[in-house]
Amino acid sequence: MMTGSEGPKLRASDTVRSAQPVLTIKHIVMGFNTREGAIKAVDGISFDMAPGEFVSIIGPSGCGKSTLFNIVGGLLRGYDGEVAVGGEQISGPHPGIGMVFQEESTFPWRTVLDNVAFPLEIQGIAKEERYARARRFIQMVGLDGFEKRFPSELSGGMRQRVAIARTLAFQPKILLMDEPFGALDEQTRLLLGGKVLQIQQELMQTTLLITHSITEAVQLSDRVVIMTYRPGKVKRIIDIDLPRPRTSEVVSSDAFGRYVAAIWNDLRDEASRGMTDSEARGRED
Ligand code: ADP
Ligand code: MG
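In the working numbering, each number is its position in the sequence shown, counted from 1, plus 1.
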């Protein structure tokens with residue numbers, strides 16, 4: 002451990018980036034056959050994630066973010082390249098990876114409490130303990146009092162918070178989230194983002210977040226990976242050198258504004274290419 006007298010304090014991401022990566026994404030290429038012919042959705046994406054690191058991927062709609070997410074999560078086959086956890090190549094779902102999906106994914110026949118406790122039940126954790134743990138995460142996402150409700154009795158944003166709590170409750174070593182806050186209003190998004198960050202820092206969870214929100218990426222991340230519009234490549238990786246712990250207050254600082262401007266600068270061209278493309282095809286992705 003480093004102490005104050007031995008030199009300047011390093012950020013967690015500085016100390017760990019030299020260590021063995023938890024997650025390695027190496028030259029991923031993936032194409033699809035679509036009505037418009039063969040397209041390359043992802044074209045040569047590579048980066049590593051250090052233990053406890055929080056990385057966001059940002060890019061316009063249709064640039065291949067969910068494709069990459071499904072590949073890393075082991076749900077999509079037929080790609081070129083390699084995904085490795087702790088240096089070992091994986092070729093399917095890995096028990097150390099937890100996923101939060103873009104679409105709602107609660108179990109309609111289970112209450113909020115039983116939804117969140119589900120992965121703990123699978124792990125064989127005794128009822129009392131799994132309910133206690135589930136309650137803690139339900140409270141964290143601001144749903145205490147709703148434990149006995151069914152998903153159909155909740156709003157879309159609340160259901161998404163159930164899905165987030167369920168994945169967090171099983172405390173995966175690697176957390177993958179695909180636009181998890183998309184259905185939420187801006188204020189809930191910022192507050193919930195702050196809570197997820199708090200848990201992530203507590204558990205030193207290696208986290209890969211896919212988002213199209215620039216503020217969310219800057220608020221939460223150690224690094225932001227900016228993707229190009231089709232084919233999806235890494236355009237730039239920006240280090241977010243803001244102090245931790247970060248609360249939702251960081252959003253109003255000058256440094257925060259400078260990062261947002263820099264990312265938008267890179268993203269603007271990609272976003273307009275995406276927009277022109279979807280207009281030409283007469284539909285949204
Ligand atoms: P994003 O999540 O960044 O919006 P996606 O990864 O969902 O982008 O999609 C990237 C591109 O690949 C899009 O053009 C999309 O239409 C196409 N695509 C994604 N999944 C499939 C699939 N299963 N079959 C055909 N095309 C797909
Ligand atoms: Mg997507």
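Glycine is no exception: its CB is placed at the ideal position from the N, C-alpha and C atoms.
- Straight through space, the alpha carbons of VAL117 and LEU76 are spaced by roughly 22 Å.
- Burial check for GLN188: the Cβ neighbour count within 10 Å stays below 16, so the residue is exposed.
- One thing to note: ILE264 has its Cβ within 9 Å of the Cβ of VAL225.
- Between ligand 1 and ILE211, a heavy atom-to-CB distance of less than 8 Å is present.
- Distance from the C-beta of ASP278 to the nearest heavy atom of ligand 2 is not below 8 Å.
- In this structure, ILE46 and GLY258 do not form a Cβ contact; the two beta carbons are roughly 28 Å apart against a cut-off of 8 Å.
- Checking the 8 Å criterion, the Cβ of ARG231 is within range of a heavy atom belonging to ligand 1.
- Annotation: VAL197 to VAL235 spans about 25 Å, alpha carbon to alpha carbon.
- Comparing alpha-carbon positions, the option among GLN124, ILE126, SER153 and MET159 lying closest to GLN140 turns out to be MET159.
- Excluding five sequence positions before and after LEU192, the CB atoms of its chain that fall closer than 7 Å to its own CB belong to SER249, given in chain order.
- Residue environment: ALA20 is assigned as exposed (fewer than 16 neighbouring CB atoms within 10 Å of its CB, all protein chains considered).
- Sequence-distant partners of VAL73 (beyond 5 residues in either direction) whose C-beta falls short of 8 Å from its own C-beta, in its chain, are LEU24, ILE26, VAL84, ILE98, LEU177 and LEU209.
- A distance of 9 Å or more separates the beta carbons of LYS149 and LEU121.
- At the C-beta level, VAL30 and GLY82 come within 9 Å of one another.
- Per DSSP, reduced to three states, the secondary structure at ASP223 is coil, with no helix or strand assignment.
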